[in-house]
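K.L.:
Quick one: the structure is below, and I'll ask about it shortly.
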Amino acid sequence: DGGITQSPKYLFRKEGQNVTLSCEQNLNHDAMYWYRQDPGQGLRLIYYSQIVNDFQKGDIAEGYSVSREKKESFPLTVTSAQKNPTAFYLCASSMAGTEETQYFGPGTRLLVL
Amino acid sequence: EDKVVQSPLSLVVHEGDTVTLNCSYEVTNFRSLLWYKQEKKAPTFLFMLTSSGIEKKSGRLSSILDKKELFSILNITATQTGDSAVYLCAVEVLSGTYKYIFGTGTRLKVLA
Numbered sequence: 004d005g006g007i008t009q010s011p012k013y014l015f016r017k018e019g020q021n022v023t024l025s026c027e028q029n030l031n032h033d034a035m036y037w038y039r040q041d042p043g044q045g046l047r048l049i050y051y052s053q054i055v056n057d058f059q060k061g062d063i064a065e066g067y068s069v070s071r072e073k074k075e076s077f078p079l080t081v082t083s084a085q086k087n088p089t090a091f092y093l094c095a096s097s098m099a100g101t102e103e104t105q106y107f108g109p110g111t112r113l114l115v116l
Numbered sequence: 022e023d024k025v026v027q028s029p030l031s032l033v034v035h036e037g038d039t040v041t042l043n044c045s046y047e048v049t050n051f052r053s054l055l056w057y058k059q060e061k062k063a064p065t066f067l068f069m070l071t072s073s074g075i076e077k078k079s080g081r082l083s084s085i086l087d088k089k090e091l092f093s094i095l096n097i098t099a100t101q102t103g104d105s106a107v108y109l110c111a112v113e114v115l116s117g118t119y120k121y122i123f124g125t126g127t128r129l130k131v132l133a
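Protein chains in written order, with this note's numbering: chain A, 4 to 116; chain B, 22 to 133.
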């Protein structure tokens, strides 16, 4: 089946710990995105990438880092510098520069212990 | 600064009612406007609008874009409890590269 997968479904982070959220797609999409959603809020863009080995900061990149070594994969690391990481994280992908829409993964809920 | 504003923030209706959700935007380099439905997890795609005045329709849902006045509406007729969700509007912009700007969403609750 084609689609976007995210893992884990739930993730617990201790104070001062870095954690990495996985996002993989087999849709052959060029562009991938990470969003954060807080309760009752819309989606805010953290990072996005249009091609391999290149990515741009979104509106709330501080305390996060990404890599794009492969077209299929766009992992997000929540670093210890992110002081309020509890949120629902959504990964998405799209075919850049076309009229195709953006498709979302199932999300990862991150909780701080 | 690019922004997308949705209204109302929340709405409670009874089954059978018709609802209209609004999305206005101020962006540079508009490419498209998208509507999503979010129930518990990932948003699911409803419509993409790129041309002004053309209505997109799927069953009881329809949407139209006004590029002159910079807004879109999502209409749901004969609402059902299964329509209860958060409806998200997003605008795709070209800002060096392509990206999407989301509104805060409208939370719709349909009562039986």
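Cβ atoms here follow ideal geometry from the backbone N, Cα and C, with glycine treated the same way.
Relative to chain B, which residues along the region 53-72 of chain A have a C-beta separation below 8 Å, given in chain order?
P.N.:
So the list reads Q53, Q59, G61, given in the order they occur along the chain.
K.L.:
Give the interface partners of A:L48 over in chain B, defined as CB-CB distance under 9 Å, in chain order.
P.N.:
Under the 9 Å cutoff, chain B gives K120, Y121, I122, F123.
K.L.:
Using 8 Å for Cβ pairs, my map puts A:Q40 next to A:L46. What's the rounded Cβ distance?
P.N.:
5 Å between Cβ atoms; contact.
K.L.:
Is there at least one Cβ from chain B nearer than 7 Å to A:G45's Cβ?
P.N.:
At least one chain B Cβ lies under 7 Å of A:G45.
K.L.:
Which bits of chain A does B:G126 rub up against, with CB to CB less than 7 Å?
P.N.:
In chain order: G45.
K.L.:
Any idea what DSSP makes of A:T80, helix, strand or coil?
P.N.:
Reduced to three states, the DSSP call for A:T80 is strand.
K.L.:
Would the region 20-39 of chain A and the region 36-49 of chain B be scored as touching if the rule is three or more Cβ pairs under 8 Å?
P.N.:
With a cut-off of 8 Å, the region 36-49 of chain B and the region 20-39 of chain A do not count as touching, because too few Cβ pairs lie within range.
K.L.:
Pull up the distance between the alpha-carbon of A:A95 and that of A:E72, whole angstroms please.
P.N.:
Answer to the nearest angstrom: the Cα atoms are 17 Å apart.
K.L.:
Should A:Y146 be flagged as near chain B, meaning a C-beta pair shorter than 7 Å?
P.N.:
The structure shown does not extend to residue 146 of chain A, since chain A spans only 4 to 116, so no value can be given for it.
K.L.:
Find the nearest neighbour of B:L30 within the set B:I122, B:A133, B:S72, B:Y108, judged by alpha-carbon distance.
P.N.:
Of the candidates B:I122, B:A133, B:S72, B:Y108, the one whose C-alpha sits nearest the C-alpha of B:L30 is B:Y108.
K.L.:
For A:Y13, count the other beta carbons within 10 Å of its own beta carbon; 16 or more makes it buried, fewer makes it exposed. Which is it?
P.N.:
A:Y13 comes out exposed.
K.L.:
Among residues of its own chain, excluding the 5 on either side of B:N96, which ones have a beta-carbon nearer than 6 Å to its beta-carbon?
P.N.:
Correct list, in chain order: T41, S83.
K.L.:
Establish whether the CB of B:L42 and some CB of chain A are separated by less than 7 Å.
P.N.:
Cβ-Cβ to chain A under 7 Å: no for B:L42.
K.L.:
Does A:P88 get closer than 7 Å to chain B when you measure Cβ to Cβ?
P.N.:
So no, A:P88 is outside the interface.
K.L.:
Along the region 59-71 of chain B, where does the CB come closer than 7 Å to a CB of chain A? Name the residues.
P.N.:
Cβ contacts with chain A: K62, A63, P64, F66, M69, T71.
K.L.:
Cutting at 8 Å between CB atoms, please list the residues of its own chain near B:L115, excluding the five before and the five after it.
P.N.:
Excluding positions up to five away in sequence, the list reads N50, R52.
K.L.:
Nearest-angstrom Cα distance between A:Q59 and B:L132?
P.N.:
Roughly 43 Å between the two C-alpha positions.
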